[in-house]
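Using our numbering, the first residue of the sequence shown is number 436, and each one after it goes up by one.
Ideal Cβ positions, reconstructed from N, Cα and C, are used throughout, including at glycine.
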Amino acid sequence: MALVCITGASSGIGEEFAAQFAKKGYALLLVARNEQKLRGLAAKYPHCEIFPCDLGKEEEVKRLIDRLKEEEDLRFMINNAGFGSAGEFEEDVPENDLQMIGVNVRAVHLLTHAALLQMEKKNRGTILNVASIAGLMPGGPFMATYYATKAYVVSLTSAIAQELRRKKSRIRIFALCPGPVDTNFNRVAGVKFALPGISAKTCVLEAFAGMKRGSVILVPGRLLRVTSVLARLLPRGFVLKLISGAQKRKLGR
């Protein structure tokens, strides 16, 4: 049975991906730190395996990779786990930033590589790396590390997509770059957005539509797509000033 592995599956976008893939009849491998939430999801869906795991720990990532190596038909890999924090860079706790880099960068990098190797055995499959609109910006004052991690994900995904195209592979890879989404992420990051977020369901359904079209970079929402284009066209320094002002307002400064 075709399998979907979803990290960060216990809430928000990951939980919604689980619901949508279950409707499509896929077997699920749900990964998150919150075992209790995972058990609740497993009770809702047939053909659902849970894998409690802290992707901030390299040995835990390797344990998940070992599980993926056992899978004969890994059809989708959804790298959704991630978190952010807000504040001035000099006030950051380095250990917390390294933990963020571990989840947002190292885990995504290693799991993308492992999934690609498994999918190449049958020359089919799809990898979706959940980045952020932050990854399309020139930087993120007051969320410097988070923006940098998401830029890494966008760059990595874009490069792999081109490599796959050159060799006419049937494996596809995408980067989902949402803006504000109504999830637990915002509470953890400690930010408030000026604009209301879209629902996790809307985000996921737009991701499916984008994958069907074949766009490597998926930006849900027309206004956000316009924003991402403007960020590329406007002077870099000007965009950074705009982001800085917006982030300071989110923090109430």
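Where residue i falls: helix, strand or coil (DSSP)
i, result
"Glu451", "helix"
"Cys612", "coil"
"Asn515", "coil"
"Phe486", "strand"
"Ala478", "coil"
"Asn531", "helix"
"Gly560", "strand"
"Ala467", "strand"
"Ala386", "Outside the displayed range of the chain (436 to 688) lies residue 386, so it cannot be described from this structure."
"Arg541", "helix"
"Gly443", "coil"
"Arg605", "coil"
"Leu438", "strand"
"Leu509", "strand"
Residue of the options minimising C-alpha distance to residue i
i, options, result
"Ile633", "Leu438, Ala437 and Gly447", "Gly447"
"Leu599", "Tyr582, Ala583, Arg660 and Gly649", "Gly649"
"Tyr480", "Pro487, Leu464, Leu490 and Cys488", "Leu464"
"Lys585", "Ile652, Arg468 and Leu476", "Ile652"
"Gly570", "Ile595, Cys612 and Lys556", "Cys612"
"Phe524", "Gly575, Phe456 and Gly656", "Gly575"
"Tyr461", "Asp532, Leu438 and Glu530", "Leu438"
"Met554", "Ala594, Glu484 and Ser604", "Ser604"
"Val496", "Leu668, Ala550, Leu677 and Leu509", "Ala550"
"Ala610", "Arg657, Ala542, Tyr582 and Asn564", "Asn564"
"Ala453", "Glu494, Gln471 and Ile513", "Ile513"
"Arg657", "Phe673, Thr637, Leu669 and Leu668", "Thr637"
"Ile500", "Lys683, Leu659 and Val466", "Val466"
"Cys483", "Glu505, Phe456, Glu493 and Gly687", "Phe456"
"Met436", "Leu509, Leu476, Thr442 and Ser520", "Leu509"
"Met646", "Ile606, Gly517 and Phe673", "Ile606"
"Ile441", "Gly519, Ala542 and Val616", "Ala542"
"Asn558", "Asp527, Lys602 and Asp532", "Lys602"
"Gly443", "Leu552, Ser679 and Asn515", "Asn515"
Proximal residues to residue i (C-beta, below 8 Å), its chain only, five neighbours per side dropped
i, result
"Ala478", "none"
"Thr662", "Ile568 and Gly614"
"Gln471", "none"
CB-CB length for residue i against residue j, believed under 8 Å
i, j, result
"Ala666", "Met572", "5 Å"
"Thr561", "Phe511", "5 Å"
"Val639", "Glu451", "4 Å"
"Pro655", "Ala635", "With 8 Å as the limit, Pro655 and Ala635 do not qualify as a contact, their Cβ atoms being about 10 Å apart."
"Val540", "Ala566", "With a Cβ gap of about 11 Å, Val540 and Ala566 do not count as contacting."
"Met578", "Gly519", "6 Å"
"Ala521", "Leu686", "6 Å"
"Arg502", "Ile485", "The Cβ separation is near 11 Å, so there is no contact."
Any non-hydrogen atom of the ligand MN closer than 7 Å to residue i Cβ
i, result
"Leu545", "In the structure on display, the ligand MN does not appear, and there are no ligands present to speak of."
Beta-carbon proximity list for residue i, same chain, < 6 Å, skipping 5 on both sides
i, result
"Ile608", "Ile562, Thr592, Ile595 and Ala596"
"Cys488", "Val466, Glu495 and Leu499"
"Leu545", "Val496"
"Asp617", "Gly632 and Ser634"
"Arg660", "Val654"
"Val674", "Pro573 and Ala666"
Sequence-distant residues of the same chain with beta carbon closer than 7 Å to residue i, five excluded per side
i, result
"Gly491", "Gln534, Gly537 and Val538"
"Asn469", "Ser445"
"Lys683", "Phe577"
**Message:** Could you tell me which whole alpha helix (DSSP H) segments of length 4 or greater appear in the stretch 646 to 670?
**Reply:** Taking only runs of at least 4 residues, the alpha helix (DSSP H) segments lying wholly in the stretch 646 to 670 are 657 to 668.
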